[in-house]
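Undergrad: My questions will all concern the structure given below.
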Amino acid sequence: MRFRCSIIVLAVWLFGCGKPKPLNITPRDPTVDEIKHALRQLPEGFRAALPDAASPTMDPANAGRLDLHVWAFDFDGGPFDMIIETIGAESGGINWREPRLRCDAERGRLLIRLLPRESSKMAQELRDKFRSNKPPVPNLSFGLDANDRSILRQDSFGNPDKPVVPLWFGWKEADVHESKTPVTLKAGEAGNLLRIEATEKDVANPRKIILSLQAVK
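Residue numbers (the numbering used here): 12 to 228.
If you want it as structure tokens, here you go:
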């Protein structure tokens, strides 16, 4: 009887527990609390311009006034790595590649935020304030969190005396296409979670930028 039980336990291990678990990542809309968290993580120069900057619970409507971009993903089957990069025409000193950002958690959520110094959708009074650079704000603020723990903070403060508007946000007009993709990955596989393609409009030689986030199991 003991021998038979041992065989059963071994079979379960070989065909179940012994196999590496695949990584599943699913995009979804961010919750109100996640938007508030993203607002609280912004550099001081951005937060200081908001009417409720001193409040411990910031109004999520501020995300719209700022044109703050927030993306959320649920994951299971970690740990895993991520790669963030921009490809193509460079604008405003923002061209980077962050290889192998590590998420050690087995399951949870990813939260990504992106805020330029200026965009056409930003409230005009905020655009004017951020252009003046008083107080200083970065040309671009990027953040990646896993389960509310920071994996990456990228605040570009280049050209402080001549503030610039980075990426496609500095173009007069652009066609911007965004795709969020659920992925299931086995060990050694990679897949795109987020991909943004922007092409400049109404110019003789349009520039193009791709911003992508990949997961690697």
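We put the beta carbon where it would ideally sit given N, CA and C, even for glycine.
Based on DSSP bridge pairs, tell me the residues matched to A38.
TA: The residue labelled residue 38 in the question sits at position 27 within the sequence shown. In the sequence on display, residue 38 carries Pro and not Ala. Answer by DSSP bridge pairing, in chain order: F84.
Undergrad: Which of the three DSSP states is assigned to R120 in this structure?
TA: Counting from 1 along the sequence shown, the entry for residue 120 is found at position 109. Note: R120 maps to strand in three-state DSSP.
Undergrad: On the CB-based measure, 16 or more other CB atoms within 10 Å of its CB, does E136 come out buried or exposed?
TA: Numbered from its first residue, the sequence shown carries residue 136 at position 125. By the neighbour-count rule (16 or more Cβ atoms within 10 Å), E136 is not buried but exposed.
Undergrad: Could you give the C-beta distance for A185 and K145, rounded to a whole number, given that I count them as a contact under 8 Å?
TA: Residue numbering aside, residue 185 sits at position 174 when the sequence shown is read from its first letter. Residue numbering aside, residue 145 sits at position 134 when the sequence shown is read from its first letter. Wrong, their Cβ atoms sit about 28 Å apart, outside the cutoff.
Undergrad: Does DSSP put E55 in a helix, a strand or coil?
TA: By one-based count along the sequence shown, residue 55 stands at place 44. Here E55 sits in helix by DSSP.
Undergrad: Work out the CA separation of G199 and K140 for me, nearest whole Å.
TA: Taking the sequence shown and counting its residues from 1, the one referred to as residue 140 is at position 129. Taking the sequence shown and counting its residues from 1, the one referred to as residue 199 is at position 188. Looking at the two C-alpha atoms, the distance is approximately 46 Å.
Undergrad: My understanding is that F84 touches R120, with C-beta atoms under 8 Å, so please give their C-beta distance in whole angstroms.
TA: Stepping through the sequence shown from its first residue, residue 84 is reached at position 73. Stepping through the sequence shown from its first residue, residue 120 is reached at position 109. The Cβ separation is near 7 Å, so the contact holds.
Undergrad: How many angstroms separate the CA atom of N203 from the CA atom of H188?
TA: Within the sequence shown, numbered from 1, the residue matching residue 203 stands at position 192. Within the sequence shown, numbered from 1, the residue matching residue 188 stands at position 177. The straight-line gap from Cα to Cα measures roughly 14 Å.
Undergrad: For my contact list, L122 and L151 are in at a C-beta cut-off of 8 Å; report their separation, rounded to the angstrom.
TA: One-based indexing of the sequence shown puts residue 122 at position 111. One-based indexing of the sequence shown puts residue 151 at position 140. About 17 Å; that fails the 8 Å criterion.
Undergrad: Who are the Cβ neighbours of Q165 in its own chain at under 6 Å, not counting the five residues just before and after it?
TA: Within the sequence shown, numbered from 1, the residue matching residue 165 stands at position 154. These residues qualify, in order along the chain: F153.
Undergrad: Of all the options N216, P38, E109, which has the alpha carbon lying nearest to the alpha carbon of L222?
TA: On the sequence shown, position 211 is the one that residue 222 refers to. Considering only alpha carbons, the answer is E109.
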